[in-house]
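Q:
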Amino acid sequence: MMERRDPRQGRKRTQARCEKQATTVKEIVTQRFGESAGQHPFIVLAHLNDYLETDAHGNTGIAQLVQWDQVVNIVDRLPEEERWTQFFKGNRQCDLPFAYRQLDYLLLSKSLADANGNAPSIERRGMPKRADRYSGPRFPGVGLNEPKASDHCPVVVELTV
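Residue numbers for the sequence shown follow this note's numbering, so the first one is 1477 and each next one is one higher.
In structure tokens, the structure reads:
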């Protein structure tokens, strides 16, 4: 049995909930727009708190939504090394390394994505300086670890509707 507070088990512990949330979002969109929902303009904007890759911490719970054929994850328009929206500083006690991952998503309907080919930008000025994959300017007062604006980065895109 997994210990509730063990950070090494967090992804395995939350996988079923993430899958349920992804299923529910798809159901809401399908109820609103029908089986060919991607033909209509909509956006799913979400902090999904999971990433697509399968690793030692478990399987993803969000693939059915993020890889749904009715939406486009526009962060995929960026070079692979720029697709992260969250920096995890790691946990030495649990032997968890630092990581850069996409946990925050802007999923455009297929029609909206097709009409707007531009790539998004990811706002990283609030990241702690320890997140050294980003070497650009920081907001005033941001430190090595703290203070920081957030451990997540907003995804921004201009759209024509």
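Note that beta-carbon positions come from the ideal geometry of N, C-alpha and C, so glycine has one too. None of the values given here were measured: they were computed from a predicted structure.
At the level of alpha carbons, what is the spacing between L1528 and K1496?
A: As a working mapping, residue 1528 is identified with position 52 in the sequence shown. As a working mapping, residue 1496 is identified with position 20 in the sequence shown. So the two alpha carbons sit approximately 15 Å from each other.
Q: Could you tell me which residues DSSP pairs with I1519 in its beta bridges?
A: What you label residue 1519 is simply residue 43 of the sequence shown in a count that begins at 1. In DSSP, I1519 forms a bridge with L1584.
Q: Which residues does DSSP pair with R1577 in a beta bridge?
A: Counting from one through the sequence shown, the residue named residue 1577 turns up at place 101. Beta-bridge partners of R1577 (DSSP): Q1562.
Q: For S1626, collect the residues of the same chain with a Cβ closer than 6 Å to its Cβ; drop the 5 residues on either side in sequence, then sort them by chain order.
A: The residue given as residue 1626 occupies position 150 in the sequence shown. G1602, listed in sequence order.
Q: Measuring CB to CB, does C1629 end up less than 8 Å from R1600?
A: In the sequence shown, the residue the question calls residue 1629 occupies position 153. In the sequence shown, the residue the question calls residue 1600 occupies position 124. In contact: C1629 and R1600 (Cβ atoms closer than 8 Å).
Q: For Q1546, which of Q1491, Y1610, G1510 and K1624 has the nearest alpha-carbon?
A: As a first step, residue 1546 is located in the sequence shown; it is residue number 70 there, counting from the start. If we check each option's Cα against that of Q1546, G1510 comes out closest.
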